[in-house]
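Worksheet: the structure to be examined is printed underneath.
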Amino acid sequence: MPKDKTETHQKILPAAMAEFLEKGFEKATMRSIAEAAGITAAGLYRHFADKEAMFAALVEPVLAQCEAWYAHHKEEDYAYLERGDLDAMWNQGTELNMMLHVVYENFDVFKLLLCRAEGTKYANWQHEFVMLEQRETMAYLEAAKAKGVPVREIRPEELHLLLTAYVSAMSEAVSYTHLTLPT
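Now the structure itself:
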């Protein structure tokens with residue numbers, strides 16, 4: 003009868019998180035992760051196809067949570083537009099709530115995404131998020147215009163610059179903790 007892999011799997015993920023946070027994806031090794039988890043490097047491959055699959059196992063659940071959060075708030079924003087209650091939309095503090103309820107609750111995962119993902123398909127996650135926000139904002143502005151809401155024209159390039167600055171500033175709280183400060 004095969005062994006239950008759940009217990010071993012639950013040892014691997016914290017070991018992988020610690021290794022990736024300390025060394026980044028590119029310098030992390032399967033051997034170090036296995037050692038920290040108390041198994042052989044070969045044993046890791048019974049759980050994950052490779053190092054990137056292990057990294058994905060750490061970040062994908064949180065990214066799915068972000069996508070669900072984003073979809074929910076997008077729906078709410080369009081409902082505010084439909085009701086003509088844009089003041090309420092602006093007053094809800096959506097981005098701050100995201101920082102508190104998604105980012106800070108998953109701080110280490112966001113540290114991985116923002117500071118330690120080089121060499122993975124997630125290395126450009128922040129830029130991809132900005133691009134999503136840009137597309138969604140441009141679509142929202144068009145929907146607002148169609149509803150007769152006065153909308154100030156903005157070129158996609160200008161919006162991209164503003165969103166990049168905004169998302170970078172919001173991400174700084176996570177990225178900054180990654181830096182080693184002089185004493």
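Residues 3 to 185 in this note's numbering are what the sequence shown spells out, letter by letter. Positions of the beta carbon are idealized from the N, C-alpha and C atoms, including for glycine.
I need the DSSP call for residue i, collapsed to helix, strand or coil.
i	result
residue 151	coil
residue 31	coil
residue 136	helix
residue 123	coil
residue 51	coil
residue 41	coil
Leaving out five residues on either side along the sequence, give the residues of the same chain with a beta carbon under 7 Å from the beta carbon of residue i.
i	result
residue 138	76
residue 40	13
residue 71	100 and 104
residue 63	none
residue 118	22, 23, 26 and 27
residue 68	104
Taking the alpha helix (DSSP H) that residue i falls in, what are its first and last residues?
i	result
residue 160	158 to 178
Report all residues from its chain with a CB closer than 8 Å to the CB of residue i; omit the five preceding and five following residues, and keep chain order.
i	result
residue 128	115, 116, 169, 170 and 173
residue 161	136, 139 and 140
Practice problem: Note down, one range per segment and in chain order, each alpha helix (DSSP H) of at least 4 residues found wholly within the segment 55 to 105. | Solution: 88 to 93 and 96 to 100
Exercise. May I ask you to verify whether the segment 109 to 128 touches the segment 51 to 60, counting CB pairs closer than 8 Å and requiring at least 3?
Key: yes
Practice problem: May I ask you to verify whether the segment 105 to 115 touches the segment 15 to 27, counting CB pairs closer than 8 Å and requiring at least 3? | Solution: yes
Quiz item: Taking contact to mean at least 3 C-beta pairs separated by less than 8 Å, is the segment 146 to 164 in contact with the segment 83 to 96?
Solution: yes
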